[in-house]
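Residue numbers (the working numbering): -2 to 100. By construction, the Cβ of each residue, glycine as well, lies at the ideal position given by its N, Cα and C atoms. Here is the structure we will look at, set down as structure tokens.
Laid out in structure tokens, this is it:
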């Protein structure tokens, strides 16, 4: 497409659109127990605090599990390295023994 084809034409709005003439339709009493803005914000804050506490507890549990897994993995890695070293030494010893027997 040509650059001029992508240009948008300016929109002309009326001076007083229909939505500007309507009155306020929000909550009349912000402290109304069921639908007031303040009570809704308090409910949201409570939900957020609960969610945050649950998340922090879960993160602590996950961190503990991770640390335990890393510790056991490190122990297993060390065990396997030692096992590998011992098998390499055994292989070397057997190879030397075979060479002596061939002579």
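| field | Three-way DSSP call (helix, strand, coil) for residue 65 in this model | value | As a position in the chain shown, residue 65 is number 68, starting the count at 1. Note: residue 65 maps to helix in three-state DSSP.
| message | Can you give me the C-alpha to C-alpha distance between residue 59 and residue 52, rounded to a whole angstrom? | response | Start at 1 with the first residue of the chain shown, and residue 59 comes out as number 62. Start at 1 with the first residue of the chain shown, and residue 52 comes out as number 55. Approximately 10 Å, taken between the alpha carbons.
| What is the DSSP secondary structure of residue 89, counted as helix, strand or coil? | As a first step, residue 89 must be located in the chain shown, where it is residue number 92. The answer is helix: DSSP assigns residue 89 an H, G or I state.
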